[in-house]
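Just so you know, the first sequence maps onto residues 1 to 477 in my numbering. Note sheet for the following structure.
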Amino acid sequence: MTKVRKPEIRVRVAPSPTGNLHIGNARTALFNWLFAKHHTGKLILRIEDTDLERSSLEFEKNILNGLEWLGLKWDEFYKQSERLDRYEKHLKKLLEEKKAFWCYHSKEELEAEKKEQTQKKEAPRHICEHKYMNHESGIMNQGAGIIRLKVDENSHRTVRFEDIIRGHVEFEQRVIGDLSLAKDLRTPLYNFAVVVDDHEMKISHVIRGEDHIANTPKQILIAEALGVSLPQFAHLPLILGEDRSKLSKRHGAVNFDEYIGAGYLPEALVNFLSLLGWSSKDGREILTKNEIIEQFSLEKVHKSGAIFDVKKLNWINSQYIKQFNDEGLTSLVMPFIEKYFGKQDKVFVLKLAPVFRERLEYLDQVKEFKYFFGEPEYEADILVWKKSDKEKTHKALESVLEILSSNLEWEIFDEKYIRSELDKLAEEKFGGDRGAVYWPLRVALTGEKFSPDPVEIARIIGKEKTLNRIQVALKKP
RNA sequence: GGCGCCAUCGUCUAUCGGUUAGGACAUGUGAUUUUCAAUCACAGAAGAGGGGUUCGACUCCCCUUGGCGCUGCCA
């Protein structure tokens with residue numbers, strides 16, 4: 001008995017470089033990557049740049065960068081624009097075999113046909129009589145034609161396929177029409193190029209968004225004409241915006257760049273995206289890449305679309321941020337700090353790490369902490385605690401200044417001791433109202449109504465700045 | 001209009017015919033507390049409607065409704 005070797009798992013990510021990497025593409029890429037990794041298969045990255053008008057190298061670069069940033073490494077790389085010979089070869093064969101033909105209808109004629117069909121409540125599609133013409137030389141273009149596949153519009157056949165996620169899916173062949181394959185021998189169109197490539201690249205599973213589901217029967221027909229075998233299909237549920245329509249620009253941040261720029265962590269994004277349409281067996285939601293790979297299966301992918309919920313992303317990201325130690329978080333946060341506050345001393349930023357770890361959802365939020373990097377500006381009246389008044393506020397600040405400046409070895413700042421002194425002050429002079437002491441101190445140090453604990457801030461910014469800021473506060477009218 | 005896909009808390013989801021329908025995010029309340037966060041505890045919150053099948057349906061089938069996608073000589 002010979003051992004049956006399992007066919008190699010090969011999947012592909014096939015973006016077209018007509019725009020920047022989009023959240024939806026990234027998710028599709030991620031699922032392909034997870035599937036490949038789970039089965040120790042290969043991931044093929046294929047740039048679908050047959051539309052030269054709209055494709056650009058800049059977009060291609062953006063897409064590649066985004067995927068790399070996410071940590072999705074591919075094993076093979078192709079560009080359709082470099083494979084024109086392959087498409088031409090198959091196109092010629094199809095033409096010779098009379099499975100494909102040149103269609104010379106004008107766009108106006110096509111438009112009219114479609115209009116008529118719509119009025120007759122028929123499926124809009126092109127049924128081309130040119131396929132019955134017997135051209136002398138079928139391969140050559142006799143005018144301004146395009147190449148179409150001959151599809152029998154009278155067939156009663158149902159084109160079926162088994163989708164791993166959706167199960168049986170069927171389309172009536174007669175609603176498909178004589179679909180377009182290429183503008184000319186060296187300008188293939190999407191569906192045709194995909195089928196040629198998926199075959200030649202030995203793709204075993206096509207995992208793509210549900211928006212491609214209607215392309216599948218077309219691709220099946222093309223594959224049959226080409227005489228090649230079909231991959232398995234899996235159509236992923238769409239990522240939706242708040243209004244439940246397909247996620248797009250009008251929903252806000254859909255460019256992957258924006259998430260990189262906002263300081264989301266690649267691991268967090270992988271984690272979050274993997275949970276859009278998929279869930280782990282054990283129900284846990286914070287999972288490492290390896291855990292996701294291990295548990296991943298297409299059978300567990302949901303059928304219905306999933307709304308992109310930034311709040312959950314934020315929560316997941318904050319969970320990842322909390323996992324870093326001071327050193328790690330400091331280097332993560334440094335570029336963002338320097339972007340807003342200029343060059344900073346690493347030793348100083350290291351002191352901020354605990355504050356950031358507790359409070360950041362994404363790294364760009366460091367911009368909220370400007371009082372660590374410069375002197376605060378604020379209106380004098382916010383110094384006054386709600387249960388207090390101007391006079392008491394002044395008194396409190398003076399007392400705090402005294403406590404901090406007199407009996408304090410600042411090099412060994414003892415938070416506990418300071419706190420007990422300030423508490424004692426509140427007890428003795430403000431009837432136990434600690435807010436009367438801490439609130440003015442906070443505002444003096446930060447210029448904000450909301451902030452981390454003022455004693456912690458004092459420790460971080462150091463003696464000189466602390467005393468100075470209190471004095472500034474005291475001079476406010 | 002045609003074709004197709006989908007349908008459990010506000011959101012992401014669990015349940016593979018028998019559960020008080022579970023978890024997470026979000027929300028609310030409370031604890032902590034000098035504010036805001038963080039943290040902890042608790043709470044409210046769901047099977048679109050109608051028919052079947054079955055001893056028993058969220059789960060299987062059909063219809064309705066609704067949502068979405070596709071409908072290019074774009075991908």
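Note that the Cβ used here is the ideal one computed from N, Cα and C, for glycine as well.
Helix, strand or coil for Val-194? Go by DSSP, reduced to three states. helix
Mark Phe-296 as exposed unless 16 or more other C-beta atoms lie within 10 angstroms of its C-beta, in which case mark it buried. buried
Beta-carbon gap between Ile-316 and Ala-262 smaller than 8 angstroms: no
Go ahead and label Asn-325 buried or exposed: buried means 16 or more other beta carbons lie within 10 angstroms of its beta carbon, across all protein chains shown. exposed
Let me know the secondary structure DSSP gives Pro-452 once reduced to three states. coil
Between the Cα of Ile-286 and the Cα atoms of Gly-305, Ala-306, Ile-307, Lys-312, which residue gives the shortest distance? Lys-312
How far does the beta strand (DSSP E) with Ser-205 in it extend, from its first residue to its last? The sequence as given places His at residue 205; Ser does not occur at that position. It spans 205 to 209 - the beta strand (DSSP E) in which His-205 sits, taken as one unbroken run.
With the cut-off set at 8 angstroms, would you say Pro-440 and Thr-393 are in Cβ contact? yes
Taking its Cβ as the centre, do 16 or more other Cβ atoms sit within 10 Å of Val-347, making it buried, or is it exposed? exposed
In the DSSP assignment, find the unbroken alpha helix (DSSP H) run with Lys-42 in it and report its ends. From DSSP, Lys-42 is part of no alpha helix (DSSP H) but of the beta strand (DSSP E) over 42 to 47.
Boundaries of the alpha helix (DSSP H) in which Ser-180 is found, first to last residue: Ser-180 -> not in any alpha helix (DSSP H); beta strand (DSSP E) instead, spanning 180 to 184.
How long is the line joining the alpha carbons of Phe-101 and Val-13, rounded to whole angstroms? 30 angstroms
Can you round the beta-carbon distance between Ala-306 and Leu-276 to whole angstroms, since I take them to be within the 8 angstroms contact cut? 4 angstroms
Would you give the residue range spanned by the alpha helix (DSSP H) that Val-347 belongs to? 346 to 359
If you compare alpha carbons, which of Phe-413, Glu-60, Ile-44 is closest to Ser-16? Glu-60
Pick out the complete alpha helix (DSSP H) segments inside the region 206 to 289, 4 residues or longer, and give them in chain order. 215 to 226, 256 to 262, 266 to 274
Apart from the five residues just before and just after His-38, which ones in its own chain have a Cβ nearer than 6 angstroms to its Cβ? Ile-293, Phe-296
Three-way DSSP call (helix, strand, coil) for Tyr-438 in this model: helix
Could you have a look at His-22 and say whether DSSP puts it in helix, strand or coil? strand
Between Met-334 and Val-349, how many whole angstroms is the CB-CB distance? I'm expecting something under 8 angstroms. 6 angstroms
Please determine, among Leu-179, Met-201, Glu-88, the residue with the shortest C-alpha to C-alpha distance to Arg-478. A question about residue 478 goes unanswered here, because the residues of the chain that appear run from 1 up to 477.
Report the rounded CA-to-CA distance for Tyr-259 versus Lys-390, giving the unit in angstroms. 45 angstroms
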